[in-house]
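**Student:**
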Amino acid sequence: MLLFLSELSGLAPPAATIHGRVESGVMEAVLWLKLGIETLGATIIAVGVISAGWLMVKAFARRDAANFTAIRLTLARYLALALEFQLGADILSTAIAPSWEQIGQLGAIAVIRTALNYFLSREMKVEQEELSPEKQVVDRADS
Numbered sequence: 000m001l002l003f004l005s006e007l008s009g010l011a012p013p014a015a016t017i018h019g020r021v022e023s024g025v026m027e028a029v030l031w032l033k034l035g036i037e038t039l040g041a042t043i044i045a046v047g048v049i050s051a052g053w054l055m056v057k058a059f060a061r062r063d064a065a066n067f068t069a070i071r072l073t074l075a076r077y078l079a080l081a082l083e084f085q086l087g088a089d090i091l092s093t094a095i096a097p098s099w100e101q102i103g104q105l106g107a108i109a110v111i112r113t114a115l116n117y118f119l120s121r122e123m124k125v126e127q128e129e130l131s132p133e134k135q136v137v138d139r140a141d142s
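So this is what it looks like as structure tokens:
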């Protein structure tokens, strides 16, 4: 009878109100967490660009173009790490995405970021292998 009266009066039963509050609290917490993770990813990209830029300026000042591969690897490491954070934020977004359309968009973004990360990691591995023999030759010459 009480449930029937609450439906007639437009008031939700106490359990639904608590459920709604908890759900909205969880959604808000996830949104804040997602924002924090995205901010961290963007910060990592900024630090990587500044770091690689600084290394580039130093290389140009010394007129040393041989460090180009090392500079690219430095930036690639930062970008790969930032992509991991952005992918984590995308995964959080799927937990609160209210529609299949949004889930589809998030899935597409996640696939693109995963592919970018894969190819970036592969390129880093190839460049690291290219850099290693050069470094070994330099190390032997220094000894």
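Letter 60 of the sequence shown, counting from 1, is numbered 59 in numbering that gives the first Met the number 0, and no numbers are missing. For each residue, glycine too, the CB sits at the ideal point set by N, CA and C.
#1: Quick check on Ala64: buried or exposed, where buried means 16 or more other Cβ atoms within 10 Å of its Cβ?
#2: Quick check on Ala81: buried or exposed, where buried means 16 or more other Cβ atoms within 10 Å of its Cβ?
#3: Once the 5 residues before and after Ser50 are set aside, which same chain residues still bring their CB inside 8 angstroms of it?
#4: Using CA atoms only, rank isn't needed, just tell me which of Glu83, Ala60, Trp53 is closest to Ile108.
#5: Glu126 to Leu105, Cα distance in whole Å?
#6: Could you give the DSSP three-state label for His18: helix, strand or coil?
#7: Tell me the residue span of the alpha helix (DSSP H) that contains Ala75.
#8: Alpha carbon to alpha carbon, what distance is there between Ala60 and Ala69?
#9: Residues in the same chain with beta-carbon distance under 7 angstroms from Ile43, minus the five sequence neighbours each way, listed in chain order, please.
#10: Is Leu1 helix, strand or coil when you go by DSSP?
#11: Taking the alpha-carbon positions, what's the Ser23 to Ala114 distance?
#12: Alpha carbon to alpha carbon, how far is Leu39 from Arg62?
#13: Determine the DSSP secondary structure at Asp138, reduced to helix, strand or coil.
#14: Spell out a yes or no on whether the region 90-100 and the region 52-59 are touching, meaning 3 or more CB-CB pairs, one atom from each, closer than 8 angstroms.
**Tutor:** So, to answer that:
#1: Counting other Cβ atoms within 10 Å of its Cβ, Ala64 stays below 16 and is therefore classed as exposed.
#2: Within a 10 Å sphere around the beta-carbon of Ala81 sit 16 or more other beta-carbons, which makes this residue buried.
#3: Excluding positions up to five away in sequence, the list reads Thr73, Leu74, Tyr77.
#4: Glu83 is the residue among Glu83, Ala60, Trp53 whose C-alpha sits nearest the C-alpha of Ile108.
#5: Straight-line Cα distance between these residues: approximately 31 angstroms.
#6: In the three-state scheme derived from DSSP, where H, G and I count as helix and E and B as strand, His18 is classed as helix.
#7: Its alpha helix (DSSP H) spans residues 67-95.
#8: Using only the alpha carbons, I get a separation of about 16 angstroms.
#9: So the qualifying residues of the chain are Tyr77, Leu80, Ala81, Phe84.
#10: Low confidence applies to Leu1: its pLDDT is 41, below 50, so where it sits in the model is not reliable enough to give any reading.
#11: One Cα belongs to Ser23, the other to Ala114, and the distance between them is close to 33 angstroms.
#12: Each residue's alpha carbon lies about 34 angstroms from the other.
#13: With a pLDDT of only 43 at Asp138, under the threshold of 50, the placement of this residue in the model should not be trusted; the figure read from the coordinates follows. DSSP places Asp138 within a helical segment (H, G or I) once states are collapsed to three.
#14: The region 90-100 makes no contact with the region 52-59; the number of CB pairs closer than 8 angstroms stays below 3.
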